[in-house]
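Residue numbers (our numbering): 403 to 829.
And the structure:
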């Protein structure tokens with residue numbers, strides 16, 4: 403009984419001292435501190451409520467809107483929620499070199515997490531250089547046939563499965579995005595993208611559960627704990643996904659054809675051998691595992707965020723029939739102008755479509771916040787806040803999109819906010 407009591411007392415003392423340390427750390431710097439949980443801060447709210455992390459941060463933003471920044475508990479790691487837009491600009495633009503770490507350090511054996519999403523420093527820079535050709539205008543034009551076929555297959559899929567038209571709309575969009583991204587990563591054949599053997603894996607790749615949330619919380623609050631337990635963010639998906647990438651790359655090598663997709667980039671990198679950044683001296687081997695991680699990143703970054711944006715647009719168009727009618731008119735006229743042939747360039751002509759999607763992205767932002775870590779001491783201009791190396795940074799996205807100071811009547815769906823005239827006037 404006594405040993406248990408002693409452990410409880412030691413634990414309570416640790417919690418108290420950690421909380422006091424976190425609070426004093428920021429108060430000495432003249433920064434308001436979030437007192438609800440001084441040890442785990444927003445991550446306690448995240449784990450004990452049904453709210454997403456961006457919603458927890460949104461509550462914090464509303465409470466401290468007039469503060470330049472707010473200190474939050476994160477065990478022994480100084481963490482700062484940055485609110486003032488000038489401070490946000492300082493971190494993301496003016497002094498971005500001091501904040502070029504994404505705020506999360508993965509464990510060495512977490513193979514699928516070794517992607518652009520979690521890489522930092524020279525490794526991120528080199529990998530980005532090698533992957534960036536996938537996103538050039540020319541490459542996107544060449545890949546358009548994949549999205550076009552996926553869309554046509556989607557129409558056929560809905561005709562064959564009409565119950566999906568009456569079911570959960572987001573799940574239906576998620577299905578389309580999963581099929582399209584799977585096609586862009588693994589390539590397409592003559593069969594429907596909705597009959598691809600990779601589709602189920604694509605769905606599983608983006609499925610979030612309590613285990614994922616817990617791992618994410620541990621990774622964000624304590625790198626020491628994460629390392630000590632050998633935490634892997636994507637433990638369940640790792641064997642199947644890496645094996646699938648290996649199969650896809652070997653098949654592409656044997657086919658010896660260009661399909662302008664992710665697999666093409668991977669095969670080219672492996673043929674070229676060791677990747678090197680002459681400026682930093684950083685080297686990386688384009689192994690199947692490293693390239694599989696980049697493919698997995700496209701699923702994480704491409705499926706649910708895209709589905710959220712499209713679903714958000716459909717919701718708003720359904721609530722605003724006059725905007726829907728105007729958009730439909732532009733699309734019909736564009737189809738007629740180009741004899742029903744749609745290409746990448748033709749879609750780029752549709753200015754009102756761009757406005758509608760931009761406004762939908764404002765109201766239904768796929769990314770609710772941005773995380774960074776300070777790698778070199780800096781001072782935020784508003785509030786003259788000293789930020790030391792190692793400090794974690796959280797930047798609101800969703801909350802700023804709904805701030806009436808930046809977007810009047812933020813709850814109103816108004817594509818005209820993003821018209822050429824309005825954009826010119828706001829610069």
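Here a beta-carbon is modelled for each residue, glycine too, at the ideal position from N, C-alpha and C.
With the rule of 3 Cβ pairs closer than 8 Å, the region 525-532 does not count as touching the region 799-815.
Apart from the 5 residues on each side of it in sequence, residue 809 sits with its Cβ closer than 8 Å to the Cβ of 764, 803, 819 in its chain, given in chain order. Distance between residue 654 and residue 677, taken at the CA atoms: about 20 Å. Leaving aside the five residues that flank residue 787 on each side, the residues in its chain whose CB is nearer than 8 Å to its CB run, in chain order, 431, 432, 433, 470, 471, 482, 489, 781. Scanning the region 403-485 from its first residue to its last, the whole beta strand (DSSP E) runs of 3-plus residues come out as 471-474, 481-484. The beta carbons of residue 576 and residue 452 sit no closer together than 8 Å. Inclusion of residue 545 and residue 586 in the CB contact set at 8 Å is warranted, their separation being smaller than that value. Taking the C-beta atoms as reference points, residue 686 is found nearer than 8 Å to residue 529.
For residue 791, no alpha helix (DSSP H) encloses it, and the DSSP letter there is neither H nor E. Restricted to the region 703-787, the beta strand (DSSP E) segments that are unbroken, complete and at least 3 residues in length are 771-775, 780-782, listed in chain order. Scanning 785, 795, 700, 761 for the CA closest to the CA of residue 771 turns up 795.
In this structure, the straight-line span from the alpha carbon of residue 691 to that of residue 639 is close to 13 Å. Boundaries of the alpha helix (DSSP H) harbouring residue 649: 640-657, taken from the DSSP string.
Linking residue 744 to residue 713 through their CA atoms gives a straight-line distance of about 22 Å. Less than 8 Å separates the beta-carbon of residue 775 from that of residue 503.
A straight-line Cα-Cα distance of about 16 Å links residue 746 and residue 661. When 441, 426, 425 are compared, the shortest CA-CA separation from residue 414 is found for 441. Residue 686 is bridged by DSSP to 677. In terms of Cα proximity to residue 720, the closest of 664, 616, 758, 437 is 758. Scanning its chain for C-beta atoms nearer than 6 Å, with the 5 sequence neighbours on each side dropped, one finds around residue 752 the residues 732, 736, in chain order. The beta carbon of residue 699 sits closer than 8 Å to the beta carbons of 517, 518, 519 from its chain, once the five residues preceding and following it are set aside; these are given in chain order.
With a threshold of 16 other beta carbon atoms within 10 Å, residue 468 falls short and is exposed. According to the DSSP assignment, residue 588 belongs to the alpha helix (DSSP H) that extends over 571-588. Judged by DSSP in its simplified three-state form, residue 796 adopts strand. In this structure, the beta-carbon distance from residue 628 to residue 509 falls below 8 Å. For residue 503, the secondary structure class from DSSP, reduced to helix, strand or coil, is strand. Contact between residue 444 and residue 463 does not hold, since their C-beta atoms are separated by about 11 Å, which reaches or exceeds 8 Å.
Of the residues 708, 754, 709, the one whose Cα lies closest to the Cα of residue 724 is 754.
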